[in-house]
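Numbered according to mature numbering (1 follows the signal peptide of the UniProt record, and there is no 0), the sequence shown spans residues -37 to -1, 1 to 328.
Where a beta carbon is used, it is the ideal one built from N, C-alpha and C, also for glycine.
For clarity, every value in this text was computed on a predicted model and none was experimentally measured.
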Amino acid sequence: MSGGGFPSTRGCRHRQGWLTALLAAVLLSAGSTPVAARLQSTSSNSMEVTRRTLMDNGLGLTPQMGWNSWNHFQCNIEEKLIKQTADAMVSTGLADLGYKYINLDDCWGELNRDSEGNLVPKASTFPHGIKALADYVHSKGLKLGIYSDAGKTMPGSLGHEEQDAKTFASWGIDYLKYDNCNDDGTSPKERYPKMSNALLKSGRSIFFSLCEWGREDPATWAPAIGNSWRTTGDISDNWNSMTSRADQNDKWASYAGPGGWNDPDMLEVGNGGMTIAEYRSHFSIWALAKVWAGPLNHKKVAVILWNRGPSTATITAHWFDIGLTRTTIVNARDLWKHSTKKSVKGQLSADVASHDCKMYVLTPQ
């Protein structure tokens, strides 16, 4: 996802109609017949209700951007790898583009707590501890995230919320992914607020990511306790999994905004299970999930022409389908080819290969 130029204060959460400048459109093709879907933000009172109460930690004004270890490495993580990843985030220029988080997922900790009940990093893979790793990541201008779980199995924090939140703060943690495994049978609505409150009392601002798997529609209740919430089950590195999560996430678009974001699970780009075209669609759709909830300046319009069919198709975005008047003239910037079509009027068409996409920003002249 890409971050935008959002206000730097929490006051934006009370502003009715903050999305009125935005119109994002996706045109989906099922074979040769494209179906236009107009996805327009709402400034209705119902949306204002969903945005009124947010976790009061000042974080998440834009969607989180960074790297997480799980999808590629799973449990095969160690200190050197994390440092190398931080180095690469800087050397590739990704850090300058807003990719700030380096996040440890599961398997960083020992199976048992110490004699005082504290979490313990694995001595075999993190011999210098998490605090030293956080110091290294911070020295690169980046932020370190960690994983825990609203359950009972290590590194489960159920029943240890305040203790673990203080531990994370003392280590210099900036982000917590909080999973939903091995719970005690109580609702996530009861378990997740406990960690949220503990983080707020920890003395450190920590981005709180609820990995509840979308089981109990967290978009409707999680904004008050977290900075992001999973809207889907775990993603897999294949076309069907990716497209189904995009569809599941779409219904919750109006609940996202500065301070709290929908999370359709992590990108699989580069892991080998999809084609380059499919990964391009994957990245574009995840980026547009941000645009559905964030304004574009100067009445710009973001458009994806996404071909989900089995063969190449010509897909057309008609101005009346995407909220533009017929006489509007735009410059259409192709975000993948880095080229611009000038003085486009009435509609925008492109031939799109199977499972691929075209992504444009339309700027009225």
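Rounded to whole angstroms, what's the CA-CA distance from residue i to residue j? Just pull it up for me.
i           : j    : result
residue 329 : A240 : Limits of the chain in this structure are -37 at one end and 328 at the other, which puts residue 329 out of reach.
K304        : I136 : 45 Å
P90         : Q126 : 22 Å
V53         : N66  : 15 Å
I40         : D68  : 9 Å
D19         : L163 : 8 Å
H281        : C320 : 17 Å
T116        : R76  : 11 Å
W30         : T290 : 43 Å
D180        : G114 : 19 Å
M322        : L298 : 6 Å
E73         : D112 : 14 Å
F36         : W71  : 12 Å
T238        : V83  : 40 Å
L287        : A128 : 48 Å
A49         : G309 : 46 Å
M158        : T326 : 43 Å
D147        : N203 : 32 Å
T55         : W33  : 21 Å
T25         : I248 : 17 Å
G61         : P273 : 35 Å
Determine whether the beta carbon atoms of residue i and residue j lie at a separation below 8 Å.
i    : j    : result
N145 : G122 : no
K106 : Y138 : yes
R271 : T183 : no
L251 : A313 : no
F170 : Q27  : yes
I109 : P156 : no
G172 : S191 : Contrary to the premise, residue 172 reads as Ser rather than Gly in this sequence. It is a contact, given that the beta carbons lie within the stated cut-off.
A209 : P186 : no
C174 : K152 : no
G223 : L17  : yes
S168 : G23  : no
A132 : G166 : yes
According to DSSP, simplified to helix, strand and coil, what is residue i?
i      : result
A132   : helix
V83    : coil
Y64    : strand
N294   : strand
D146   : coil
L139   : strand
S317   : coil
N203   : helix
I267   : strand
S7     : Because S7 carries a pLDDT of 38, less than 50, the predicted location of this residue cannot be relied on, and the following value inherits that uncertainty. In this structure, S7 counts as coil in the three-state DSSP scheme.
Y323   : strand
S(-36) : Legend: pLDDT at S(-36) = 33, less than 50; position of this residue unreliable, value from coordinates given subsequently. Of the three classes helix, strand and coil, the one that applies to S(-36) here is coil, per DSSP.
I278   : strand
G29    : strand
Q211   : helix
(request) Kindly provide the ranges of any alpha helix (DSSP H) runs that are 4 or more residues long and lie completely inside the region 221 to 264, ordered along the chain. (result) 239 to 254
(message) Within 8 Å, do at least three Cβ pairs link the region 38 to 56 to the region 95 to 105?
(response) yes
(message) Quick check: the region 197 to 205 against the region 220 to 232, are at least 3 beta-carbon pairs closer than 8 Å?
(response) yes
(request) Would you mind listing the beta strand (DSSP E) stretches within the region 95 to 125 that are 3+ residues and don't spill past its ends, in chain order? (result) 106 to 112
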